[in-house]
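Colleague: Sharing a structure, written as structure tokens. Questions coming.
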Amino acid sequence: MSLRFALVGNPNSGKTTLFNALTGLRQKVGNYPGITVERKEGTLALPDGSSATLIDLPGLYSLTPQSPDELIARDILLGYRADTPKPEVIVNVVDASNLERNLYLTSQLADLGLPLIVALTMGDTAARRGVEVDAEVLSQELGIPVIPIHAASRAGLSELRKALMSSLGVPPPRRWLLPPSVEEEAKELAELLTAQHQLAPETAFSEAVLLLGATVPPKTTRWSPEILAHLQGDHERLTREGHDTTTAIAEARYGEINRIVAHAVRRAVTPPITTTERMDRLFLHKFWGYAIFLGILAILFQAMFTWAEVPKGWLESGIAAFSGWIQHVMPAGALRDLLTEGMLSGVGTTITFLPQILLLFLFIALLEDTGYLARAAFLMDRLMSRVGLHGKSFIPLLSSYACAIPGILATRTIESHKARLLTILVAPLMSCSARLPVYSLLIAAFIPKTTLIGFSMGSRSFALLTLQGAVLFSMYALGTLATFLMAALFHKTLLKGEAPAFLLELPPYRKPIWRTLGFRLWETAWQFLQRAGTVILALSTLLWFLASYPKAAPDSPKSVALEQSYAGRLGHVIEPVIAPLGFDWKMGIGVVASFAAREVFVSTMAILYQAENDDEEQQAMALKDRLQGEKAYTPLVAICLMVFYVLAMQCISTLAVVKRETNSWKWPLFQLAYMTALAWTVTWLVHLIGKALGY
Numbered sequence: 000m001s002l003r004f005a006l007v008g009n010p011n012s013g014k015t016t017l018f019n020a021l022t023g024l025r026q027k028v029g030n031y032p033g034i035t036v037e038r039k040e041g042t043l044a045l046p047d048g049s050s051a052t053l054i055d056l057p058g059l060y061s062l063t064p065q066s067p068d069e070l071i072a073r074d075i076l077l078g079y080r081a082d083t084p085k086p087e088v089i090v091n092v093v094d095a096s097n098l099e100r101n102l103y104l105t106s107q108l109a110d111l112g113l114p115l116i117v118a119l120t121m122g123d124t125a126a127r128r129g130v131e132v133d134a135e136v137l138s139q140e141l142g143i144p145v146i147p148i149h150a151a152s153r154a155g156l157s158e159l160r161k162a163l164m165s166s167l168g169v170p171p172p173r174r175w176l177l178p179p180s181v182e183e184e185a186k187e188l189a190e191l192l193t194a195q196h197q198l199a200p201e202t203a204f205s206e207a208v209l210l211l212g213a214t215v216p217p218k219t220t221r222w223s224p225e226i227l228a229h230l231q232g233d234h235e236r237l238t239r240e241g242h243d244t245t246t247a248i249a250e251a252r253y254g255e256i257n258r259i260v261a262h263a264v265r266r267a268v269t270p271p272i273t274t275t276e277r278m279d280r281l282f283l284h285k286f287w288g289y290a291i292f293l294g295i296l297a298i299l300f301q302a303m304f305t306w307a308e309v310p311k312g313w314l315e316s317g318i319a320a321f322s323g324w325i326q327h328v329m330p331a332g333a334l335r336d337l338l339t340e341g342m343l344s345g346v347g348t349t350i351t352f353l354p355q356i357l358l359l360f361l362f363i364a365l366l367e368d369t370g371y372l373a374r375a376a377f378l379m380d381r382l383m384s385r386v387g388l389h390g391k392s393f394i395p396l397l398s399s400y401a402c403a404i405p406g407i408l409a410t411r412t413i414e415s416h417k418a419r420l421l422t423i424l425v426a427p428l429m430s431c432s433a434r435l436p437v438y439s440l441l442i443a444a445f446i447p448k449t450t451l452i453g454f455s456m457g458s459r460s461f462a463l464l465t466l467q468g469a470v471l472f473s474m475y476a477l478g479t480l481a482t483f484l485m486a487a488l489f490h491k492t493l494l495k496g497e498a499p500a501f502l503l504e505l506p507p508y509r510k511p512i513w514r515t516l517g518f519r520l521w522e523t524a525w526q527f528l529q530r531a532g533t534v535i536l537a538l539s540t541l542l543w544f545l546a547s548y549p550k551a552a553p554d555s556p557k558s559v560a561l562e563q564s565y566a567g568r569l570g571h572v573i574e575p576v577i578a579p580l581g582f583d584w585k586m587g588i589g590v591v592a593s594f595a596a597r598e599v600f601v602s603t604m605a606i607l608y609q610a611e612n613d614d615e616e617q618q619a620m621a622l623k624d625r626l627q628g629e630k631a632y633t634p635l636v637a638i639c640l641m642v643f644y645v646l647a648m649q650c651i652s653t654l655a656v657v658k659r660e661t662n663s664w665k666w667p668l669f670q671l672a673y674m675t676a677l678a679w680t681v682t683w684l685v686h687l688i689g690k691a692l693g694y
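Mapping the sequence shown onto numbering that gives the first Met the number 0, position 519 (from 1) lands on 518, and the numbers just tick up by one.
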């Protein structure tokens, strides 16, 4: 049986970086059964040549849960989840620059009766603040191994692996004491928990302290009525004696923590002004902070065209060459048509947008890893509170630029139920990476590369911002504006209430760890390719069949055959609904197919126009070049299509996640209805105004 080690720590303590350094690419990510909390496990190589499972638990500040992910972490550590065995050893990641706060969780973990190791991170950050932590003294005071770690240089990793092996079966001692009356009640409650629920003595004592220290009585069916009645009696008895159990337990823990810190930490008499403080004067400035934030976003959207153009061209050329090779070596027939006109045309066209998607994920990861993302959330809090959103809503909303699903899952950190639900309802309006292939295709085909901001050096000109980049920026801006407007509307109607208070920890600025970023981009690329090889491949095959059958007369032009096919008939049924938007029946097929995945619109258009075209030379053209020759497509129609995709809810996976997060079909169905109505109405207005202006 494989050993299981748990990685536990406060948010922003370096836990995920350490997990990636210890496991490399030997990781698997999923969800815990019955809940959408991420489950991340990896394989850890041990010094004796064996391996163990390392589980990265969600970040938490204490074992008193405030959110679903914190509850999952606590239940695993206490051995309450049947689907995840209790770990043999806990690795507690502790931020040396915030030692007092981090050691509160350490104190709770030490009570669990499991072997415990402290991985001391952020030593360089602590040093810049004039703080020096003596790891050897800290180890002696805690009674457990303390290993200084610098994951970026991999310093301390081998020592940590050795400590894991030597710590098996050696739980730490408890070195803090409660006031006598509270200690007595905790031991009595622990004995009752052991007798009635067969908990191990250490687990029972830890649970008893957590129950006594809870500010709100537990709403759970885990404990028997006798336990809950006894707990209520304990609270009443201790209150009569003048004890506030929550305060008494916290003071007892912090009393021991302060004693330990006094021995293990040396501080500079005059703390130096840190680089983080200097940078925050600029990045959090009332004017320049917002200007820099908008500048960063503008660079991101321009880079998606300029930086990704070369690798995108390589992919297009490679896929075209492979398609040509298949046509050369295979005899004409249905199988060759399926491979070239169906699979390669659909999947291949979608894959060419991978460089732009990776750039988007890279920028978001850089903002997060450097610590800037938290500053952006701080800047946006004033605006977001006016529309009823929580400051913590910013990070889920920005994550939705990559994908709405992790954005919605990230709302679990929002304590207010109304603010969390409001964020979930509007998160899909943020333009996700699945929309990016649609934007990129239409902008490349119909928006000129006019330079808006640039400069010249000698005979060479450099564009800082082109019309293509500006249009892409405007699509993201439209989604963001719609997000805030709909949030304001729901805040004043469906979800009335005061905007909740916002507390946010600002981590220090850090250099990104390129190895970790590489892991994340690899995961993103692999997930995208898996999607292309499963969902998009299956839909491309189905669409090719619908566009190719029933077969028309042999002498019929391909355009006539396409109209008479199953796809053509379906498109003509849809056309009356979408005609006011300027869309024809082929676009309607793409819109309907996009409910499985928005980027399927691109593969759908590739298949339909490939199936319609009689000219082999034109079949080999890039999709954007073929669209430019279609009468149904104009710059106005391209803009209308992009506006529709900005606002429409076309993602079955997102609806399924919203259902799981809200535990009701009411909200995802409402989301589908309001976003579809919003998309149709705004697109109709854009088309109407465009026609009136002569476009």
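The beta-carbon is built from N, C-alpha and C at its ideal position, and this holds for glycine as well.
In whole angstroms, give me the CA-to-CA distance for Arg265 and Val132.
Modeller: As a working mapping, residue 265 is identified with position 266 in the sequence shown. As a working mapping, residue 132 is identified with position 133 in the sequence shown. Approximately 7 Å between the Cα atoms of the pair.
Colleague: What are the start and end residues of the beta strand (DSSP E) that includes Thr120?
Modeller: Taking the sequence shown and counting its residues from 1, the one referred to as residue 120 is at position 121. From DSSP, the beta strand (DSSP E) with Thr120 extends over 115-120.
Colleague: In chain order, what residues of the same chain have a beta carbon less than 6 Å from the beta carbon of Thr83, not counting five sequence neighbours either side?
Modeller: Residue 83 sits at position 84 when you count from the first residue of the sequence shown. If we look at Thr83 and ignore the five residues flanking it on each side, its Cβ neighbours are Ile75.
Colleague: Use the C-beta contact count for Ala118: other C-beta atoms within 10 angstroms, 16 or more gives buried, fewer gives exposed.
Modeller: Counted from its first residue, the sequence shown places residue 118 at position 119. Buried is the call here.
Colleague: For Trp584, which residues in the same chain have their Cβ closer than 6 Å to its Cβ, ignoring the five residues on either side in sequence?
Modeller: For the purposes of this step, residue 584 is identified with residue 585 of the sequence shown, where counting begins at 1. Counting only Cβ-Cβ distances below 6 Å, and skipping sequence neighbours, we find Gly570, His571, Glu574.
Colleague: Does the count of Cβ pairs from the segment 284-298 and the segment 324-338 closer than 8 Å reach three?
Modeller: Not touching, per the Cβ criterion.
Colleague: From this set, Arg221, Pro179, Leu176, which residue's C-alpha is nearest Leu198's C-alpha?
Modeller: The count along the sequence shown starts at 1 and reaches residue 198 at position 199. Minimum Cα distance to Leu198 is reached at Arg221.
Colleague: Since Leu111 and Glu201 are thought to touch, with beta carbons under 8 Å apart, how far apart are those beta carbons, to the nearest angstrom?
Modeller: In the sequence shown, counting from the first residue as 1, residue 111 sits at position 112. In the sequence shown, counting from the first residue as 1, residue 201 sits at position 202. Right, the Cβ-Cβ distance comes to about 6 Å (below 8 Å), so this counts as a contact.
Colleague: In the DSSP output, what is Thr492 paired with across the bridge?
Modeller: Along the sequence shown, one-based indexing puts residue 492 at 493. Partner(s): none; Thr492 has no beta bridge.
Colleague: What does the alpha-carbon distance come out to for the pair Ser61 and Leu668?
Modeller: Counting from 1 along the sequence shown, the entry for residue 61 is found at position 62. Counting from 1 along the sequence shown, the entry for residue 668 is found at position 669. Taking the straight line from one Cα to the other gives about 36 Å.
Colleague: Quick one: give me the first and last residue of the beta strand (DSSP E) that Val93 is part of.
Modeller: As a working note, residue 93 is residue 94 in the sequence shown. Residues 88-94.
Colleague: Report the option in Lys510, Ser473, Val425 whose CA atom is closest to the CA atom of His490.
Modeller: Numbered from its first residue, the sequence shown carries residue 490 at position 491. When each option's Cα is compared against that of His490, the closest is Val425.
Colleague: Which ranges would you report for the alpha helix (DSSP H) in the segment 527-557 if only whole runs of at least 4 residues count?
Modeller: Correct list: 536-547.
Colleague: Sort Ile116, Leu104, Ala150 by Cα distance to Asp123 and report the nearest one.
Modeller: Position 124 of the sequence shown, counted from the start, is the residue given in the question as residue 123. Checking every option, the nearest Cα to that of Asp123 belongs to Ala150.
Colleague: Exposed or buried, which one is Thr15 when buried takes at least 16 other CB atoms within 10 Å?
Modeller: By 1-based counting over the sequence shown, the position of residue 15 is 16. Burial call: buried.
Colleague: Could you check whether the segment 80-94 touches the segment 251-260, counting it as contact only if at least three pairs of C-beta atoms, one from each stretch, sit closer than 8 Å?
Modeller: No, the segment 80-94 is not in contact with the segment 251-260.
Colleague: Spatial neighbours of Arg374 within its chain, please: C-beta separation below 8 Å, excluding the five flanking residues on both sides.
Modeller: The residue labelled residue 374 in the question sits at position 375 within the sequence shown. Cβ within range, chain order: Asp279, Phe282, Leu283, Gly288, Leu505.
Colleague: Taking only the alpha-carbon atoms, compute the straight-line gap between Gly693 and Leu687 and give it to the nearest angstrom.
Modeller: Along the sequence shown, one-based indexing puts residue 693 at 694. Along the sequence shown, one-based indexing puts residue 687 at 688. Straight-line Cα distance between these residues: approximately 10 Å.
Colleague: Can you tell me the Cα-Cα spacing of Leu536 and Leu561, whole angstroms?
Modeller: Here the question's residue 536 lines up with position 537 in the sequence shown. Here the question's residue 561 lines up with position 562 in the sequence shown. Going by the C-alpha atoms only, they are around 20 Å apart.
Colleague: Candidates Ser432, Ile148, Leu359: which alpha carbon is nearest Ala125's?
Modeller: Along the sequence shown, one-based indexing puts residue 125 at 126. The candidate whose alpha carbon is nearest that of Ala125 is Ile148.
Colleague: So, for Gly129: in the same chain, excluding its five sequence neighbours on each side, which residues have a beta-carbon less than 7 Å away from its beta-carbon?
Modeller: Taking the first residue of the sequence shown as position 1, residue 129 is located at position 130. Excluding positions up to five away in sequence, the list reads Arg266, Ala267, Pro270, Pro271.
Colleague: Going by C-alpha distance, which of Gly468, Ile446, Ala486, Pro427 is nearest Leu388?
Modeller: As a first step, residue 388 must be located in the sequence shown, where it is residue number 389. For the residues Gly468, Ile446, Ala486, Pro427, the minimum Cα distance to Leu388 belongs to Ala486.
Colleague: Please give me, in chain order, every unbroken run of the beta strand (DSSP E) with length at least 3 that falls completely inside the segment 385-416.
Modeller: The qualifying runs do not exist here; there are none.
Colleague: On the premise that Ala263 lies in contact with Val437, defined as a C-beta separation below 8 Å, what is that separation, rounded to the nearest angstrom?
Modeller: Within the sequence shown, numbered from 1, the residue matching residue 437 stands at position 438. Within the sequence shown, numbered from 1, the residue matching residue 263 stands at position 264. In fact, because the Cβ distance is near 56 Å, the residues do not count as touching under 8 Å.
Colleague: Would you list the one or two residues that DSSP bridges to Leu8?
Modeller: Looking up residue 8 in the sequence shown gives position 9. Note that residue 8 is Gly in the sequence shown here, rather than Leu. The partner list for Gly8 (beta bridge, DSSP) reads Val92.
Colleague: For the candidate residues Ser652, Pro10, Ser539, whose alpha-carbon lies nearest to that of Met347?
Modeller: Translated into positions along the sequence shown, residue 347 becomes position 348. For the sequence presented, residue 347 should be read as Gly rather than Met. For Gly347, the nearest C-alpha among the options comes from Ser539.
Colleague: Using the DSSP secondary-structure output, state which residues sit across from Met429 in a beta bridge.
Modeller: Here residue 429 corresponds to residue number 430 of the sequence shown, with the count starting at 1. Its beta-bridge partners do not exist; DSSP assigns none.
Colleague: Taking 8 Å as the cut-off, does the segment 303-314 touch the segment 465-479 (at least 3 CB pairs, one atom from each stretch)?
Modeller: The segment 465-479 vs the segment 303-314: in contact.
Colleague: Give every residue of the same chain whose Cβ lies closer than 6 Å to the Cβ of Thr515, excluding the five residues on either side of it in the sequence, and list them in chain order.
Modeller: For the purposes of this step, residue 515 is identified with residue 516 of the sequence shown, where counting begins at 1. Cβ neighbours of Thr515 beyond the five flanking positions: Thr16, Asn19.
Colleague: Determine the closest residue to Tyr475 out of Pro511, Thr450, Leu435, with distance taken between C-alpha atoms.
Modeller: Within the sequence shown, numbered from 1, the residue matching residue 475 stands at position 476. Closest by alpha carbon: Leu435.
Colleague: Could you spell out the range, first to last residue, of the beta strand (DSSP E) harbouring Arg695?
Modeller: Summary: the structure shown does not reach residue 695, with the chain confined to residues 0 through 694, and so no result is reported for it.
Colleague: What number of angstroms, rounded off, separates the C-alpha of Trp683 from the C-alpha of Ala319?
Modeller: Numbered from 1 along the sequence shown, position 684 holds the residue referred to as residue 683. Numbered from 1 along the sequence shown, position 320 holds the residue referred to as residue 319. Going by the C-alpha atoms only, they are around 36 Å apart.
Colleague: Using 8 Å as the threshold, is the C-beta distance between Leu6 and Leu53 below it?
Modeller: Indexing the sequence shown from 1 puts residue 6 at position 7. Indexing the sequence shown from 1 puts residue 53 at position 54. Yes; because the gap between Cβ atoms is below 8 Å, this pair is in contact.
Colleague: With a 10 Å radius around its C-beta and 16 neighbouring C-beta atoms as the bar for buried, classify Pro395 as buried or exposed.
Modeller: Mapped onto the sequence shown, residue 395 falls at position 396. Classification of Pro395: buried, given that the 10 Å Cβ count is 16 or more.
Colleague: Give me, in chain order, the residues of the same chain whose beta-carbon lies closer than 8 Å to that of Leu542; leave out the 5 immediate sequence neighbours on both sides.
Modeller: Taking the sequence shown and counting its residues from 1, one reaches residue 542 at position 543. Correct list, in chain order: Gly341, Gly345, Ala566, Ile588, Ala592, Ser602, Thr603, Ile606, Leu607.
Colleague: Quick one: Cα of Leu191 to Cα of Ala134, how far?
Modeller: Reading the sequence shown from its first residue, position 192 is the one you call residue 191. Reading the sequence shown from its first residue, position 135 is the one you call residue 134. In a straight line, the C-alpha of Leu191 is about 38 Å away from that of Ala134.
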